[in-house]
Structures are given as C-alpha cells and as structure tokens.
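The next block holds one structure in the form of structure tokens; read it before the comments.
2 protein chains.
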Amino acid sequence: MINQQLNEKQQDINDGDRYGDVSLIQQSQKTNRQWMKVSQINESTIGKTILLRARIHNSRMKGKIAFLVLRENWYTIQAVLTKGEQIGSQMIKYTGGINLESVVDIEAVVLQTNFKIKDCTQQVELHIQTIRVISRSITKLPFQIEEASRKIIDYYPNLQQQKQNEDQQQLIQIQDYQISQNQRLNNRVLDLRTPAKQAIFRVKSGIALLFRQFLIEKGFIEIHTPKLLGFNTKNNYCKFKLQYFNYQAFLSQSSCKYKQMCLMADFERVFEVSPAFRALHGNTHRELCEFICMDLEMVIKENYTELLDLTEELCLFILKGIEKKFDQEIQIIAKQFQFQPIKICYPIIKLTYFDAIKLLQEVGIVQSPQYYFCITNQKQLGKIVKEKYGTDFFILNRLPRENQNSCIMPCKVDPNFNLSYKFFLRGEEIASGHQRIHDPEHLNNQLKGIGQDAQLLKDYINSFRYGSYPHGGCAFGLERFLYLYFDLKNIRNASLFPRDSSRLFP
Amino acid sequence: MINQQLNEKQQDINDGDRYGDVSLIQQSQKTNRQWMKVSQINESTIGKTILLRARIHNSRMKGKIAFLVLRENWYTIQAVLTKGEQIGSQMIKYTGGINLESVVDIEAVVLQTNFKIKDCTQQVELHIQTIRVISRSITKLPFQIEEASRKIIDYYPNLQQQKQNEDQQQLIQIQDYQISQNQRLNNRVLDLRTPAKQAIFRVKSGIALLFRQFLIEKGFIEIHTPKLLGFNTKNNYCKFKLQYFNYQAFLSQSSCKYKQMCLMADFERVFEVSPAFRALHGNTHRELCEFICMDLEMVIKENYTELLDLTEELCLFILKGIEKKFDQEIQIIAKQFQFQPIKICYPIIKLTYFDAIKLLQEVGIVQSPQYYFCITNQKQLGKIVKEKYGTDFFILNRLPRENQNSCIMPCKVDPNFNLSYKFFLRGEEIASGHQRIHDPEHLNNQLKGIGQDAQLLKDYINSFRYGSYPHGGCAFGLERFLYLYFDLKNIRNASLFPRDSSRLFP
Numbered sequence: 002m003i004n005q006q007l008n009e010k011q012q013d014i015n016d017g018d019r020y021g022d023v024s025l026i027q028q029s030q031k032t033n034r035q036w037m038k039v040s041q042i043n044e045s046t047i048g049k050t051i052l053l054r055a056r057i058h059n060s061r062m063k064g065k066i067a068f069l070v071l072r073e074n075w076y077t078i079q080a081v082l083t084k085g086e087q088i089g090s091q092m093i094k095y096t097g098g099i100n101l102e103s104v105v106d107i108e109a110v111v112l113q114t115n116f117k118i119k120d121c122t123q124q125v126e127l128h129i130q131t132i133r134v135i136s137r138s139i140t141k142l143p144f145q146i147e148e149a150s151r152k153i154i155d156y157y158p159n160l161q162q163q164k165q166n167e168d169q170q171q172l173i174q175i176q177d178y179q180i181s182q183n184q185r186l187n188n189r190v191l192d193l194r195t196p197a198k199q200a201i202f203r204v205k206s207g208i209a210l211l212f213r214q215f216l217i218e219k220g221f222i223e224i225h226t227p228k229l230l231g232f233n234t235k236n237n238y239c240k241f242k243l244q245y246f247n248y249q250a251f252l253s254q255s256s257c258k259y260k261q262m263c264l265m266a267d268f269e270r271v272f273e274v275s276p277a278f279r280a281l282h283g284n285t286h287r288e289l290c291e292f293i294c295m296d297l298e299m300v301i302k303e304n305y306t307e308l309l310d311l312t313e314e315l316c317l318f319i320l321k322g323i324e325k326k327f328d329q330e331i332q333i334i335a336k337q338f339q340f341q342p343i344k345i346c347y348p349i350i351k352l353t354y355f356d357a358i359k360l361l362q363e364v365g366i367v368q369s370p371q372y373y374f375c376i377t378n379q380k381q382l383g384k385i386v387k388e389k390y391g392t393d394f395f396i397l398n399r400l401p402r403e404n405q406n407s408c409i410m411p412c413k414v415d416p417n418f419n420l421s422y423k424f425f426l427r428g429e430e431i432a433s434g435h436q437r438i439h440d441p442e443h444l445n446n447q448l449k450g451i452g453q454d455a456q457l458l459k460d461y462i463n464s465f466r467y468g469s470y471p472h473g474g475c476a477f478g479l480e481r482f483l484y485l486y487f488d489l490k491n492i493r494n495a496s497l498f499p500r501d502s503s504r505l506f507p
Numbered sequence: 002m003i004n005q006q007l008n009e010k011q012q013d014i015n016d017g018d019r020y021g022d023v024s025l026i027q028q029s030q031k032t033n034r035q036w037m038k039v040s041q042i043n044e045s046t047i048g049k050t051i052l053l054r055a056r057i058h059n060s061r062m063k064g065k066i067a068f069l070v071l072r073e074n075w076y077t078i079q080a081v082l083t084k085g086e087q088i089g090s091q092m093i094k095y096t097g098g099i100n101l102e103s104v105v106d107i108e109a110v111v112l113q114t115n116f117k118i119k120d121c122t123q124q125v126e127l128h129i130q131t132i133r134v135i136s137r138s139i140t141k142l143p144f145q146i147e148e149a150s151r152k153i154i155d156y157y158p159n160l161q162q163q164k165q166n167e168d169q170q171q172l173i174q175i176q177d178y179q180i181s182q183n184q185r186l187n188n189r190v191l192d193l194r195t196p197a198k199q200a201i202f203r204v205k206s207g208i209a210l211l212f213r214q215f216l217i218e219k220g221f222i223e224i225h226t227p228k229l230l231g232f233n234t235k236n237n238y239c240k241f242k243l244q245y246f247n248y249q250a251f252l253s254q255s256s257c258k259y260k261q262m263c264l265m266a267d268f269e270r271v272f273e274v275s276p277a278f279r280a281l282h283g284n285t286h287r288e289l290c291e292f293i294c295m296d297l298e299m300v301i302k303e304n305y306t307e308l309l310d311l312t313e314e315l316c317l318f319i320l321k322g323i324e325k326k327f328d329q330e331i332q333i334i335a336k337q338f339q340f341q342p343i344k345i346c347y348p349i350i351k352l353t354y355f356d357a358i359k360l361l362q363e364v365g366i367v368q369s370p371q372y373y374f375c376i377t378n379q380k381q382l383g384k385i386v387k388e389k390y391g392t393d394f395f396i397l398n399r400l401p402r403e404n405q406n407s408c409i410m411p412c413k414v415d416p417n418f419n420l421s422y423k424f425f426l427r428g429e430e431i432a433s434g435h436q437r438i439h440d441p442e443h444l445n446n447q448l449k450g451i452g453q454d455a456q457l458l459k460d461y462i463n464s465f466r467y468g469s470y471p472h473g474g475c476a477f478g479l480e481r482f483l484y485l486y487f488d489l490k491n492i493r494n495a496s497l498f499p500r501d502s503s504r505l506f507p
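In structure tokens:
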C-alpha cells in the first residue's frame, strides 16, 4: 500500500491549475470567454477546444480514467479524463469525487467516437483539459435524476391486471420502483430536471405564446384584470376568502365578469392569461386549486357562432402549433409518459347535447337532457367519438341550462339550453365558451335569485346599462390542455409548483 | 298645435322598416352582412353604402334634421338623418330620442364634406338610411364621455399658484370642472371609454408584448409560478394572509424565489408576467395593492453585468418599441395628460450610488451612503440628471446593502454594497435587478436572522444544495412603467380596475 502511494506521488504532475473549486462568482473580471451548450457540441465541432458549464449527470472511474456524463436540459455528452502529460492522479481523483448534479466548467477537446455512446444524446466525446466546480451538490440526493426519468408505469391498468392475477408481490415491486408523486413534488426542483419535465414546461410556455399570437393577429388586446375581488364571481365553486383592509375579499375564480366589463368599456376584443383560484377540497388527478386560465372575450355582431368559429380556429392553431414547433419535446415526453399522439378528423366533429345523449344511449347509458353529464359519461362520450370518428378533439354545443341564475345567454329556440359549448380533448373538457346576457334587465332578473351577491354585483350589472354590446367569451385551462395533450395522468405534472388542498409547498 | 300634428301625420312616410329597436341578439340567423369600423370610413369609401355598429357619442336636432356623432374607440364620425322620400318625421324623432352611449346599427351612404368637421376624427359624413338600436343606455350617465376626456389640469402647480395668488375662488372652479378620480373609478367602465384611456390600455398590452418578444428571442421561456405561498417572500413589505385549508397562506409579493428555483431546475432563462400583491395601507399616487410584475431571471456565467446589459437592452427595446408602434396612442394620451415625450441620451447614463450621492451633494442634499434614498431624493436625482445629461432614463448601480438578511449577492470589493441596480424613468424607479446568492450555506446564514421564516424557506434554500447556477434577475412594474412613461400623475390611471386600501370595487 505504502509503495503504491509513493509511486503515485512520484508520478504526480503539477496539474493544480487544471482543476479546483471556483470561488463564488461575484462580479469578478469579465474575460469574454464563450461557453458552448451541450446541444451545440457535435460532429461540426470535432477537434475544437470548447468551454462548457453543465451538471455532472453520471460519473464512474475505470482504472486511471474518469468517465463523466454531463447534462444541460435533456442533452447529455460523455467526457473523459485520462492520465497524461499534463493530468495527474490527483486531478482524476478530484474529478471522480465530485457529486452528481454539481455544476462544473469544463475545457475540453471534442473527439470523434467510433462506437455509439449509449445513453447520451451527443455522439461525440469530450477530452477534458480542465475542470472546475462552480457549485457542489450534496452527496445524498432525494432521488437520482435517471431514476426519476424512467417510464411512468400506468398504475391503473396494472392494478386491474394485478387484481386478476392476484399477484400482489409484483404490484408492490412496481410501486417501489416508481418515485411517488409526493416524493417528486416535495423535491420539485430535482424532479423538474428530468427530460420529460424540461420538455413539458417548454411546451407550456409555447401554448401560451400560440394563444397570444393567434389572438393578437385577430385584433385582440391583452388585459390584466384584478385577482382580488369584492364579490364572488362563480357561486357554484369553492372560493378563497381573505380580509382586505376593511373589506371581505375573494380570490378570483374566473376573470369572466371583468373581461365583459372591458368589452362594455369599448375594448372590443380582449384576452388574458392569468391565475385563477378555486378552493377544491378533493385532491383529484384533474384539478388544481391554482391554475392558469387563458381567457378571451369578444363582441358578437349577430350570431353566437362568430365566437365558436373563432375559438375553434384558435384551438386548432394551438394543437397544430404544438405539433409543428415542439417535435423534439413531444418525443422526449412520449419516452416517459408513453402517450398516443392526438388524432383530429376534419371537418371538426360538432355534436349538440342531444347528439351526445343519443350516442351514449346507443351503448346503454341513460343521460338526462336537463343536466350536464358527469366525468364518467364525458369520458364515455370521448371513447365513443374516438371509435366512431377517429378523433381526439370534438366540440359539444348547446348545453343544458342547469343554473337559472346564470349570466349565460339562453338559446332563443329552446330556453332549456344555453348558447354555450365545450371543446373536448381525449374525452375531457379543455375549454368552454358562452354567449353572455348583455341586456341589463334580463341579467338583473337572472342574478336576483342570488340574494345579497346581486348587490355586490351591481358594478357588473351597471356596466350594461350604458349601452351594451352583444358578446361572448371562452376560457381554456392551460394545465388541463397540457395534461390531456400529453396524457400526463395527473394534472400536477403540468404545473411547476402545484397547489391542492394538501399542498402549499414548495 | 293640432294642425301641426295633422300636418306631420299627413307628411308621414311608411319608413317603419328603417328604424326600431333590435330584439335581443341571441343566435338569430347569420346574414353574412359586413360591418365596417369607423376608422375605415374615409375618402376611399365615399359614395358607398356601409353598415356600422357604434355608440351615439353626441346627438342634436336642428329643424327636421338629426345630427349624430358616432364613436368607436377614439374614432368619431358625423351622421345625418334628413327628412326625405323614404324618411319621415317619426324616424327623425326616434333617432333624436336615443340616449347618448346607446349602441346602434346604422346603414348609411358616405358623403364628401366641403368643410372641416369639428370634433370628429373622420372627415366624411354619413347619410343615414336605416338606424336600429342594439342596446339602449340609461338617460342619466354619471358623467359625459366628453367631459371625462378633457385635459387633466395638474392640480399641484395650480394649487401652489393659487396659494400665491390667494385666489381660492378660481381653485374651487377648477376642481368642480374636473371629474374626480373617485368618480371615474366608481364608474370605471364609462371612464375607460375616453380616448386617452382607450389608448393607455392598448399601449399597456403592447408593453407586455414587447417584453415577451425580446426575451423569447433571447432564449427565455415563460413560466407560471404560484401566487398562493406557504411562506412570505418579502419581509419588509406588507402581506395579504389567508386561510388555505389547514395552512396559513400568503399572496405572492414577488415571484423572485420561484423564478430562482426554476433556474435551479435547469430552465436557464425564464420570465413571467403576473400579478403581485402588497397590502399597502397608504393610498399614494404611485403604488397599488395589486399590480403586474414583469419578471425575468437568468443564469450568469461570470459577471453580474451580463444581467445588467441584457435588461438595459430590453428596457430600451420597450421604450423605443412604444414610440415606434404607438405613435397615434401617444398623441391621444398627450391631449389629455399633456406629458413631455421621453428623452434618452446615448450611451445610457450609468451612475454608481456614490456618483448619485455626489450629484445630490452638489445641490446641497446630504445622503448617507449606507441607506438607499427616499422618494424625494430620487426625484431630485432625476431632475439633476435631466438637467445635466438631458435624459429621462438612467441606471443606478451598486446599491447600499441595507438589509443584512437579503438574498442579494454582496459586492466582492465592498460588501456594504450589493450587486444590484435600478432603472429610473422621469426620476422614479421602473425596474430593479440583482445578482442573487447561489451558495446554499451563504444563503442559509443570510436568512437565519429571519427566525421562523427560515424554516418555511427551506424548500427555497434546499434548491441550491443540489448544484446551483450563478444567476440574477430583474423585475419591472408594468403600471409603474406606463404611469411614468406618459406622466399619468396617478398610477391608478395605468390599471383597468385599481386596488388600494380603500378600493376593492369595481
């Protein structure tokens, strides 16, 4: 042992300026060095010396060689440190001892490889010249990024299969293997580093952008309505209350009434992308207590279909836009979440509520025409439409008028129905639109039943008394859209930091 | 009298299908008629018959002629209804009797005029063929749109002048003449119909768009961070508390910590445009309890100036973008708010805090280098810089480290100062940026002093323990930007539905 150590010391090279921890970056000098990105390092950079800042995704020692996998977003590249003229054992030891997920700066020469590098996106190799730690990770991560990046096993079909097989042992193994949703959410920053999450939130950014892009081209302007309200906007939803100086305030559940007031203030086409809040007690897989609403409101000249047509076009613009712009992201998400690509048939299937009831009847499901159907029947309808028409996207039109205190315009030919519609994706709603009542007396009568709230709503009703425009609006749930598009199983996978009745952290 | 009535009756024409109230627009038939906009009706449409939906802005009868001024946004056009072959007295009476601000559909022929039409933006005249009321306004408006559109008299200089003149009489007259801020806000939908407000909120939409456009080009992605927090993000600000199921929650005062966590989750450049909430008791003219924050956060490779340079470029992109895109809006706002156009000198003036103190000293103002200056000194500095350099925009760099519990990175060469800066417009702050502490132990020590909150902040601090990137961010107040750009006197003029300690409605 002693001999070996002596030997190593004798062989050691003065490579001390080639590795080490960087002191805190804190307005040091500017050097004008150029950092490359992992994604940019490929065949075209072979032979060049590059500078890179990335995380250590994986690391192993093999004899006198240190192998690293460096990661930036979902791009990975292999880097090798070999003992040589200018690199001694100490530097190799130092490199091998850096914890995974630490951030390092590496200067390296890009080399060609003659074999396929498994598990790396980049098919070239880095020959490390210098390595400096920018920030060290702690040794014990709550879970490994690789572990968290594995295929999500769909519990539900497995569970059913398990029950049939009565093979409890296997079920437990599967559950152990998976990192639980809670573990992921408790350590969200780590979970978000997985390739699928990196891709999901890039697409999320893109959806909001497509939404805005389409509407701005159509002459809409972006507005910002208050989230602190003196009245409760939706009576059939749970609300968050708070003390606001001397008032009782509510967090906005929908910007609908403010969008309408903006129209009455002569902004004829408006949209907003903003948070909405609902105090939902049940922790379902498809709802959040805080979510992003993509809202629009527009004047109607003579017919409710003006709204329906525009929002249908918008929805298809977004759906096609995702496919066109996020090809790579889609593939990465599919690796973990194994979703089937969205199918759309043209012309878009439009069903009235009556049509939908008939379709359900055909498979023996009885649905009252007076009430809107439950989530089970919604999903059933989705299945039927998929089988019959081969589409994941369809429109359900002219919905039942369940709530008589509603601000939604009833259908002229049959007042039991509203001038309202919903867009469905994979058998669940992603958007709903309505023509609103723009006649103040009509509206006042509708809202009288609510009692005290009608007083609080007087600003809203008054806004229709000074000459009002016929109008309607539509709202998309951004997380809902994302979660259904990629079949993410749980809507929490579509929120950076989800909020539900048992989660307010991180 | 009787004779006259008989005469009128005898002269009457069967024009009943040319006027009247339209029944509620409620999915009636589609006619494919095309409505024009007031702004589109000009010399090029002379001789054509057009269809228009607009408000009655003004109306008067002169003999057997009804003169209307129709308005759409800030565009106005004169319309005339003259007794003729197909138009009888009843139709003229009906038209003259429609209340101002009612919405009407008009079919009319566009005619040339040989004289300038005072008070109308469009210099052609409409010869009305049919008129139908879509929605009637009530008779008594809280105030007239014309009245609310008049020049805002700057109270403060007047007040001083008045005091000198001791002419109290005149002061009272000026105040009577003006519609108060409260009257405007109580009837916000009407106030927003004034040309200046129409223009202000179109520019507001544009600023957010310019902000996004610049950042997306620079590789940023848009994020959505929660507004319901389990911890309080800024300790020196007033917060809104609420009961969140079994937890105590706070409304977000800044998305800063979540933006940082997103960076630690490998989204290297992020931005957000979202509401922020501060429970400010004082109803100052320059602060709101709910406002829109335009936030960005980015990794830094080696120097804090990477952030400063990018945000400086962003800020100039927005300032120039407004000038370029909203020429017409600027003119319209200037008519009511009488602001001086922004002046910028190049290269941009960058002062350190020391430089600023010296400038103040030169005019006899003593400012301690240990504390950031008050609003009076800020404005003084703005004046001095304007006089000396001829610019309304400048940067103040390296600010004093007042709060030792801060997450802001101290300056290496002098730890009494932070790596932080502010952008000034017309002597007030519109944005502030900082490099943040990315070392977890350093950060932990900083936040220890806060006590219990440090425990609540553990998710935040932990996010730096798994390898962290040096980084910094900057936040712009959207309403603040707008209010200073157009010198709107009161920040409430930059919010559709402002929230302060005495206002939660409408």
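Each protein sequence line maps, in turn, to chains V and C. For the first sequence, our numbering assigns the number 2 to the initial residue and increments by one for each residue that follows. For the second sequence, our numbering assigns the number 2 to the initial residue and increments by one for each residue that follows. The beta-carbon is built from N, C-alpha and C at its ideal position, and this holds for glycine as well.
Look at the alpha carbon of C:I310 and the alpha carbon of V:F272, and state the distance between them as a whole number of angstroms. Residue 310 of chain C is actually Asp in this sequence, not Ile. Cα to Cα, the separation comes out at about 32 Å.
For V:L264, count neighbouring C-beta atoms within 10 Å of its own C-beta (all shown protein chains included) and say buried if the count is 16 or more, exposed if not. By the C-beta density criterion, V:L264 is buried, having at least 16 other C-beta atoms within 10 angstroms.
Within 10 angstroms of the Cβ of V:Q249, are there 16 or more other Cβ atoms? Answer buried if so, exposed if not. By the neighbour-count criterion, in which a residue is buried when 16 or more other Cβ atoms sit within 10 angstroms of its Cβ, V:Q249 is exposed.
Backbone CA spacing between C:L479 and C:I323 [nearest angstrom]: Cα-Cα distance, rounded: 13 Å.
Pull up the DSSP beta-bridge partners for C:D106, would you. For C:D106, the pairing in a beta bridge is given by DSSP as C:R54 and C:R133.
Near V:Q170, which residues of its chain fall below 7 Å by C-beta distance, leaving aside the five closest residues on each side in sequence? Residue placement at V:Q170 is flagged as unreliable, the pLDDT there being 46, under the threshold of 50; the coordinate-derived value follows with that caveat. Once the five neighbours on either side are set aside, V:Q170 has no close Cβ partner at all.
Neighbour-count burial assignment, C:F232, 16 or more Cβ in a 10 Å radius: Under the 10 Å beta carbon count, C:F232 is surrounded by 16 or more other beta carbons and is classified as buried.
For chain V, check one thing: does any of its Cβ atoms lie closer than 8 Å to the Cβ of C:Q469? As written in the sequence, residue 469 of chain C is Ser, which differs from the Gln given in the question. C:S469 counts as touching chain V.
Assuming V:Y373 and V:E403 form a contact by the criterion Cβ under 8 Å, report the distance between their Cβ atoms to the nearest whole angstrom. Beta-carbon to beta-carbon, V:Y373 and V:E403 are separated by about 6 Å, close enough to satisfy the 8 Å threshold.
CA-CA distance, C:K302 and C:Y467? Approximately 18 Å, taken between the alpha carbons.
Tell me whether C:F116 is buried or exposed, calling it buried when 16 or more other Cβ atoms sit within 10 Å of its Cβ. Residue environment for C:F116: exposed (fewer than 16 other C-beta atoms within 10 angstroms of its C-beta).
Within 8 Å, strictly: CB atoms of V:H439 and C:S136: Yes, Cβ-Cβ distance for V:H439 and C:S136 is below 8 Å.
When the distance is taken between beta carbons, is C:M295 closer than 8 Å to C:F1? No answer is possible for residue 1 of chain C: the residues shown for chain C start at 2 and end at 507.
Which residues in chain A sit within 7 Å of V:R203, going by Cβ to Cβ distance? Chain labels in this structure do not include chain A; the protein chains are V and C.
Short-range partners of chain C found in the stretch 245–257 of chain V, where Cβ spacing is below 7 Å: Going along the stretch 245–257 of chain V in chain order, one finds Y245, F246, Y248 and A250 with a Cβ nearer than 7 Å to chain C.
From what residue to what residue does the beta strand (DSSP E) around C:E291 run? From DSSP, the beta strand (DSSP E) with C:E291 extends over E291 to V300.
Measure the beta-carbon distance from C:I88 to C:V134 and round it to whole angstroms, keeping in mind my assumption that it falls under 8 Å. Actually they do not touch by this definition, with Cβ atoms about 16 Å apart.
CA-CA distance, C:F425 and C:Y347? Rounded to the nearest angstrom, the two C-alpha atoms are 15 Å apart.
Return no unless some Cβ of chain V is closer than 8 Å to the Cβ of C:R270. By this cut-off, C:R270 is not an interface position.
Please name the residue or residues paired with V:E429 in a DSSP beta bridge. Partner residues in the beta bridge of V:E429, as assigned by DSSP, are V:L426.
Identify whether C:R399 lies in helix, strand or coil by the three-state DSSP scheme. Note: C:R399 maps to coil in three-state DSSP.
Please state whether DSSP places V:F272 in a helix, a strand or coil. Of the three classes helix, strand and coil, the one that applies to V:F272 here is strand, per DSSP.
Taking the beta carbon of V:P401 as the centre, do at least 16 other beta carbons fall within 10 Å, making it buried, or is it exposed? So V:P401 counts as buried.
Within the same chain, show all residues whose beta-carbon is closer than 8 Å to that of C:S369, passing over the 5 residues directly before and after it, in chain order. Excluding sequence neighbours, C:S369 sits near nothing in its chain.
Can you check whether the CB of C:R194 is closer than 8 Å to the CB of V:A209? In this structure, C:R194 does not lie closer than 8 Å to V:A209 by Cβ.
Measuring only between beta-carbons, confirm whether C:D120 sits less than 8 Å from chain V. Taking Cβ atoms only, chain V never reaches closer than 8 Å to C:D120, which makes this a no.
Would you identify the three-state DSSP class for C:S256, choosing helix, strand or coil? DSSP places C:S256 outside both helix and strand once states are collapsed to three, so it counts as coil.
One question on the structure: do V:L420 and V:Y305 come within less than 8 Å of each other, judged by their Cβ atoms? Their beta carbons are under 8 Å apart, which means V:L420 touches V:Y305 by this criterion.
Are the stretch 197–213 of chain C and the stretch 186–202 of chain V touching by the rule of at least three beta carbon pairs closer than 8 Å? Output reads no: the stretch 186–202 of chain V does not touch the stretch 197–213 of chain C.
For V:P507, is the classification buried or exposed, using 16 other Cβ atoms within 10 angstroms of its Cβ as the cut-off for buried? By the beta-carbon neighbour count (other beta carbons within 10 angstroms, threshold 16), V:P507 is buried.
When you compare the stretch 376–391 of chain V with the stretch 272–283 of chain V, are there three or more beta-carbon pairs, one atom per stretch, that lie closer than 8 Å? Fewer than three Cβ pairs drawn from the stretch 376–391 of chain V and the stretch 272–283 of chain V lie within less than 8 Å of each other, which leaves the two stretches out of contact.
What residues in its chain sit with their C-beta under 6 Å from that of V:G97, if we drop five residues either side in the sequence? The beta carbon of V:G97 sits closer than 6 Å to the beta carbons of M62 and A67 from its chain, once the five residues preceding and following it are set aside; these are given in chain order.
If you follow the beta strand (DSSP E) that C:R185 is in, where does it begin and where does it stop? C:R185 -> not in any beta strand (DSSP E); alpha helix (DSSP H) instead, spanning Q182 to N187.
For C:Q405, would you say it is in contact with chain V, using Cβ-to-Cβ distances shorter than 8 Å as the test? Cβ-Cβ to chain V under 8 Å: no for C:Q405.
By DSSP, does C:N446 sit in helix, in strand, or in coil? Under the three-state reduction of DSSP, C:N446 is assigned to helix.
For V:C121, count the other beta carbons within 10 Å of its own beta carbon; 16 or more makes it buried, fewer makes it exposed. Which is it? Burial call: buried.
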